Amino acid sequence: MNEGEVYTYIEKNVNGESDVPVFVTYVDSIFTGAEGMSAFVQFRYTWLISRNVLKIKAGDKFGVFEAKEANENCDFIHILNRF
Numbered sequence: 275m276n277e278g279e280v281y282t283y284i285e286k287n288v289n290g291e292s293d294v295p296v297f298v299t300y301v302d303s304i305f306t307g308a309e310g311m312s313a314f315v316q317f318r319y320t321w322l323i324s325r326n327v328l329k330i331k332a333g334d335k336f337g338v339f340e341a342k343e344a345n346e347n348c349d350f351i352h353i354l355n356r357f
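Structure (structure tokens):
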């Protein structure tokens, strides 16, 4: 990996879907020390999805949030902050 690159990890199968990107990150900076010294990488814009799929239905609550609407195709969710 090099600075400025995006790394994507793809699972072959997640809940019946093929080739699902489950982890994506942008490599912002790579810092290397002198020989024998430690090095580290700084990431940005990182996201990870679970392999355990949760189907959200209208009325489901997550802390202060409540799903007011969720369609059958799972491509639309209306979430209300109940706080």
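Each residue of the sequence shown is one higher than the one before, counting from 275 in our numbering.
Glycine included, every Cβ here is placed at the ideal spot set by N, Cα and C.
Quick caveat: nothing in here was measured; it's all calculated off a predicted structure.
- The Cβ-Cβ distance between Glu277 and Ile304 falls below 8 Å.
- In this structure the region 301-321 does not lie against the region 330-340, because fewer than three pairs of beta carbons, one per stretch, are closer than 8 Å.
- Of the candidates Trp321, Thr282, Glu340, the residue whose Cα lies closest to the Cα of Phe357 is Glu340.
- In the displayed model, Leu328 falls within coil according to three-state DSSP, outside both helix and strand.
- Under the DSSP assignment, Glu279 falls outside any beta strand (DSSP E); it carries neither an H nor an E label.
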